[in-house]
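**Q** First residue of the sequence shown: 13, per this note's numbering; consecutive thereafter.
Glycine included, every Cβ here is placed at the ideal spot set by N, Cα and C.
Pasting a structure below so you can have a look.
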Amino acid sequence: MFEDALSFSRGSLFVLGATICWGFENNCTRQIANRDPMEIVTIKEFGSGLGALAIAFAIGEQLPDIKNIFIIVMLGYIAYGLSIYSYTYAQRTIGAARTSTYYALAPFIGALLSIILLREPVTMTFVAASVIMAIGCWIATK
């Protein structure tokens, strides 16, 4: 039953790698959290944007129509910029561990919405993972 759940696919290794990088990034951000959050966001957005652009070009993507570029930039500003700004400001006031923990509530909200709106099944693996995640969040806030 659980042996299938504990196997690692190529994609799951990428998710694991991204999670580790996120942890390093959170610690680096904490080191500069006393600086102006807008300065931090600007630096991170340029880095992320240029990185995403490089990956897109590397896999053969083309630039979007000029009329869509403004919409894409505004989406990035709202979805990424305001999120990072709020996250950095929260790190300054309540600390990195608590900020990361509260930020980690998003998957719980997403999972709940998928159960309610999309009628996703609640399996034993899902319940076990949710309990482990909840315990981790609780421990990190202490």
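Could you tell me whether the stretch 40-49 touches the stretch 86-103, using the rule of 3 or more Cβ pairs below 8 Å?
**A** yes
**Q** Contact defined as beta carbons within less than 8 Å: I believe Tyr92 pairs with Glu57. What is the distance between those atoms, to the nearest angstrom?
**A** 7 Å
**Q** Under 8 Å by Cβ, that's how I've got Gly88 and Gly61 pegged, so tell me the actual separation to the nearest angstrom.
**A** The C-beta distance from Gly88 to Gly61 rounds to 7 Å, short enough to fall under 8 Å.
**Q** Tell me the residue span of the alpha helix (DSSP H) that contains Pro49.
**A** Pro49 to Ala70
**Q** Measure the CB-CB distance between Thr113 and Ala152 and report whether it falls below 7 Å.
**A** yes
**Q** Is Gly93 helix, strand or coil by DSSP?
**A** helix
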